[in-house]
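Data first, discussion second: the structure below is written as structure tokens.
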Amino acid sequence: MNARTEPAEAEPDAITRPPLLREFLLVAGLFLVYKLGRQLATGHTADAFGNARRVWNFERAVHLPDETAVQSALLHGDTLVHLANTYYATVHFPATLAFLVWLYVRRPAHYVWARRVLAAVTTAALVLPFTFPLAPPRMLTGTGLVDTARIYGPSVYGPPSSDHLSNQFAAMPSLHFGWALMVAIGLIAATRSRWRRLWLLHPLITLLVIVGTANHYWLDAIVATAMLAIALAVVPPPRRTSSTAGRGARRLDPKESVLVGAGR
Numbered sequence: 007m008n009a010r011t012e013p014a015e016a017e018p019d020a021i022t023r024p025p026l027l028r029e030f031l032l033v034a035g036l037f038l039v040y041k042l043g044r045q046l047a048t049g050h051t052a053d054a055f056g057n058a059r060r061v062w063n064f065e066r067a068v069h070l071p072d073e074t075a076v077q078s079a080l081l082h083g084d085t086l087v088h089l090a091n092t093y094y095a096t097v098h099f100p101a102t103l104a105f106l107v108w109l110y111v112r113r114p115a116h117y118v119w120a121r122r123v124l125a126a127v128t129t130a131a132l133v134l135p136f137t138f139p140l141a142p143p144r145m146l147t148g149t150g151l152v153d154t155a156r157i158y159g160p161s162v163y164g165p166p167s168s169d170h171l172s173n174q175f176a177a178m179p180s181l182h183f184g185w186a187l188m189v190a191i192g193l194i195a196a197t198r199s200r201w202r203r204l205w206l207l208h209p210l211i212t213l214l215v216i217v218g219t220a221n222h223y224w225l226d227a228i229v230a231t232a233m234l235a236i237a238l239a240v241v242p243p244p245r246r247t248s249s250t251a252g253r254g255a256r257r258l259d260p261k262e263s264v265l266v267g268a269g270r
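As structure tokens, this is what we get:
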């Protein structure tokens, strides 16, 4: 055994940011794939309603909470249900975009990681509408649920027969919830504030909103969570350094030394 001491390898104080134009095109492509991919999976209306009934019955069989309980809470006041509809219509894309921009500027290593995870989840999620088309609960009769966006506004969807901008029979998985959960996980990982776990309120509110407005089943969010967990397991997180750890991380002293080879 030949133990010797060597200066610790200095960690970079800044991670090289990916080229802005390339990242803009990649992120724009991610959002475009999200929209166009679901639009390509249109049709299969009968299958979508049949699968919706199966999902609804399965949730009751495994004793998941009833979506109608969440919607009933929203319907106690017009203001609350209007806020829920507004949250569904306006927060999803801007919050995710703001998350990626902030990471790109302040935490480049976390940005690359988060962008890869979101791309993996989104790509995998686009397969399900082709193999398992699913009508949202607001379209399912006999459940007691109503289309809150159509009744109280604002609504982002038109009649399914004339809506050429989205595929309303692609309820599973809920990328509304999957992306919101990744935003919270990414910000918790990239920051060191003692309050950083409050970011989990974003996916929690999103979950209550997508269920309460009858745009998604509980199972849609569960499947999205499983897909995100797989993506997080496959995509390696950024290596912890003084530049990726955020506030409160101890910077390395170049004079520090480490024992190399002592265990050989």
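Taking the working numbering, the leading residue of the sequence shown gets 7, the next gets one more, and so forth. For glycine and all other residues, C-beta sits at the position ideal for the given N, C-alpha and C.
Chain-order list of residues whose beta-carbon lies under 6 Å from that of residue i (same chain, five-residue window excluded)
i      : result
Phe105 : Val189
Arg253 : Low per-residue confidence applies at Arg253: pLDDT is 49, beneath 50, and the placement is therefore not dependable enough to give any value.
His88  : Tyr158
Leu31  : none
Leu206 : Ala190
Nearest candidate by alpha-carbon position, reference residue i, set the options
i      : options                        : result
Arg113 : Pro209, Ala196, Pro25          : Ala196
Ala90  : Ala235, Asn221, Arg245         : Asn221
Pro100 : Val217, Ala186, Ala237, Leu238 : Ala186
Gly56  : Gly192, Pro142, Val76, Arg121  : Pro142
Ala177 : Ser199, Asp153, Leu193, Ala131 : Ala131
His98  : Ala239, His82, Met145, His208  : His208
Thr102 : Val61, Asn63, Leu124, Arg245   : Leu124
Leu81  : Pro24, Val229, Thr219          : Thr219
Ala79  : Val152, Thr129, Pro24, Val68   : Val152
Leu26  : Val68, Val107, Pro244, Val39   : Val107
Arg144 : Gly35, Arg203, Arg59, Thr92    : Arg59
Thr299 : Phe37, Arg245, Ala239          : A question about residue 299 goes unanswered here, because the residues of the chain that appear run from 7 up to 270.
Close-in-space but distant-in-sequence residues of the same chain around residue i (CB under 8 Å, 5 per side omitted)
i      : result
Val162 : Tyr94, Ala95, Ala155, Ser172
Asp84  : Tyr158
Phe138 : Asn57, Met178
Own chain partners of residue i with C-beta closer than 7 Å, once the 5 adjacent residues on each side are dropped
i      : result
Gly150 : Thr74
Thr212 : His182, Phe183, Ala186
Gly192 : Phe105, Leu109, His116, Ala120
Val111 : none
Arg122 : Val241
Arg203 : Ile194
Pair within 9 Å by beta-carbon distance, residue i and residue j
i      : j      : result
Glu65  : Trp224 : yes
Ile236 : Phe183 : no
Pro179 : Ala227 : yes
Met233 : Val127 : yes
Phe136 : Ala54  : no
Leu214 : Val76  : yes
Val229 : Leu146 : no
Val39  : Leu140 : no
What are the uninterrupted segments assigned as alpha helix (DSSP H) that are 4 or more residues long and contained completely in the segment 59-103, given in chain order? 73-80, 84-96
Quick check on the DSSP output: what are the complete alpha helix (DSSP H) runs of length 4 or more inside the segment 188-241, in order along the chain? 207-218, 224-240
Task: Entirely enclosed alpha helix (DSSP H) segments - the segment 132-183, minimum 4 residues - done: 134-137, 154-158
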